[in-house]
Amino acid sequence: MAILERPELRDRKRVFRDRAHAGRVLAEALEGLRATPARLLAIPSGGVPVAAEIARRLGLPLSAAVSSKITPSWNAEMGCGAVAFDGTVLVDGRLARRMGLGAEELREGIRLAREKVRRRAEMFAEAAEVGDLREVHAILVDDGLASGLTMLAAVGAVRKAGASRISIAVPTGHDRSVAELASRVDDVYCPNVRGGLSFAVADAYEAWRDVLESEAADIVRRHREEEETARRGRTAGRHGP
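Taking this note's numbering, the leading residue of the sequence shown gets 277, the next gets one more, and so forth.
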């Protein structure tokens, strides 16, 4: 396991202007993966603008690793698990009990999370088709790691898809979550690692707002269209006069 952070950013807040800036910082850390069989898998919605900036700078293909938190009915931000794009369900039973979730409410939370994943997969269309990842270095990207449960579910799904190597790239993360994820993958790129009893991903950014699902889907669609146009241009150039 390896954690690649920026020591000068440890425990600092407001270190990124926005998600695009965070993506540029991560692209610098990932520069060695340019022109390699690596593939960026962005977790919607907030991970998409981060990953799109990395993809643009390093010329890597971009897809959506659609996942969703399992939340109680009274708090859409507080998660006790997650559902990944392949149907993988991850539940932290101890956290669910601490939140006071009974079996019936937990089942309902899982059902709603599955429905959200299905809806998002339809919205992202073919960009959400992760497919066979054998011989692929999969890089899972989000805008930050709080509990890390959504990312952990995505890691499980990517491993089942056969990825030869799994990395995580996030601009910011809680030190416990970063360490936990690092024990499950090959490496974690996280420039801004923070500790403490309370942690909010938003605190790493000067400008923070929610990213709409439709906005994230448009970002991925435009990037893939630009990627296809560039590919056709390269092909035409090789076969030109």
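Glycine included, C-beta positions come from ideal geometry on N, C-alpha and C.
A quick note: this is a predicted structure, and the numbers were derived from the prediction, not measured.
Linking Asn468 to Glu456 through their CA atoms gives a straight-line distance of about 16 Å. DSSP links Ser349 through a beta bridge to no other residue. When the Cα atoms are used, Glu281 and Thr426 turn out to be separated by approximately 21 Å. For Asp451, the enclosing alpha helix (DSSP H) starts and ends at Asp451 to Ala458. The beta carbon of Cys466 lies closer than 6 Å to those of Glu281, Val446, Gly449 and Val454 in the same chain, with the five residues before and after it left out. Residues of the same chain with a CB within less than 7 Å of the CB of Arg310, apart from the 5 flanking positions on each side, are Leu334 and Gly335 in chain order. At a cut-off of 4 residues, the continuous stretches assigned as alpha helix (DSSP H) that sit fully inside the stretch 393-459 are 425-436 and 451-458.
Taking the C-beta atoms as reference points, Ile319 is found nearer than 9 Å to Asp418. The stretch 344-363 makes no contact with the stretch 321-329; the number of CB pairs closer than 8 Å stays below 3.
Contact check for Ala422 against Val365 fails: the beta carbons are separated by 9 Å or more. Taking a cut-off of 8 Å for Cβ pairs, the stretch 430-438 and the stretch 353-368 touch, as three or more such pairs fall below it.
Counting only the Cα atoms, Glu384 lies some 13 Å from Val367.
DSSP places Gly376 outside both helix and strand once states are collapsed to three, so it counts as coil. The Cβ neighbour count for Gly369, taken over all protein chains shown within 10 Å, is under 16; the residue is labelled exposed. With contacts defined by Cβ atoms closer than 9 Å, Ala506 and Ala403 do not form a contacting pair.
Going by DSSP, Gly357 is part of the beta strand (DSSP E) stretching over Gly357 to Val359.
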